[in-house]
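Trainee:
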């Protein structure tokens with residue numbers, strides 16, 4: 317009888333541990349890199365043995381005359397769980413320097429602005445801290461190379477300062493995050509019918 321109770325308890329523990337396994341979301345179609353300092357520390361080295369996924373995609377406005385792209389870098393911990401998300405969007409498809417503003421609707425006629433957000437997660441779909449662009453800072457995105465056809469590579473530099481937007485959920489970072497000496501090189505890849 318005692319052996320039966322122990323085996324039921326053991327089976328329950330196995331089922332509980334399987335049910336609590338964290339979802340991993342590492343995309344398989346990453347290409348390139350984002351390299352940047354955050355408050356003087358290497359962002360891509362935030363987590364030991366972290367994995368970084370980088371890609372770009374075309375933004376679809378339903379208007380073929382309005383061409384913009386977005387870039388993002390996802391930072392995963394060593395177990396493959398999404399921890400942080402850096403997103404640059406509304407990027408015009410030509411070389412030049414663009415001012416980075418908070419995420420908003422940007423008219424296609426405004427070719428001087430790109431937008432950005434930074435989010436930290438507890439788990440894949442649970443927000444930890446949300447940051448928005450500090451618009452009074454010197455925030456810029458410099459597109460040094462963009463290939464509209466062929467392999468569609470995009471290369472450039474950026475600098476952006478974020479401030480905590482939501483009430484602090486998890487005390488992991490400072491209220492102000494200064495992303496400096498940012499460099500990226502990625503491709504505009506076909507969109508997937510999923511979140512990444």
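Numbering (the working numbering), first residue to last: 317 to 512. We put the CB at the ideal spot given by N, CA and C, even for glycine.
In angstroms with no decimal places, state the Cα-to-Cα distance between residue 382 and residue 352.
Mentor: Their Cα atoms are separated by approximately 29 Å.
Trainee: Run the CB neighbour count on residue 420, radius 10 Å, all protein chains shown included, and call it buried at 16 or more, exposed below.
Mentor: So residue 420 ends up on the exposed side.
Trainee: Leaving out five residues on either side along the sequence, give the residues of the same chain with a beta carbon under 6 Å from the beta carbon of residue 434.
Mentor: Cβ neighbours of residue 434 beyond the five flanking positions: 402, 447 and 478.
Trainee: So, residue 387 versus residue 407, is the Cβ gap smaller than 8 Å?
Mentor: Yes; because the gap between Cβ atoms is below 8 Å, this pair is in contact.
Trainee: Contact defined as beta carbons within less than 8 Å: I believe residue 399 pairs with residue 436. What is the distance between those atoms, to the nearest angstrom?
Mentor: At roughly 7 Å, the Cβ-Cβ gap stays under 8 Å, so residue 399 and residue 436 are in contact.
Trainee: So what does residue 353 bridge to, in DSSP terms?
Mentor: Looking at the DSSP assignment, residue 353 forms a beta bridge with 358 and 496.
Trainee: Can you tell me where the beta strand (DSSP E) holding residue 477 begins and where it ends?
Mentor: Residue 477 -> beta strand (DSSP E) spans 469 to 480.
Trainee: What distance in whole Å lies between the Cβ atoms of residue 468 and residue 499, which are believed to be in contact at a cut-off of 8 Å?
Mentor: Going by Cβ atoms, the distance from residue 499 to residue 468 rounds to 18 Å, so no, they are not a contact pair.
Trainee: On the three-state DSSP scale, how would you describe residue 422?
Mentor: Coil, per DSSP.
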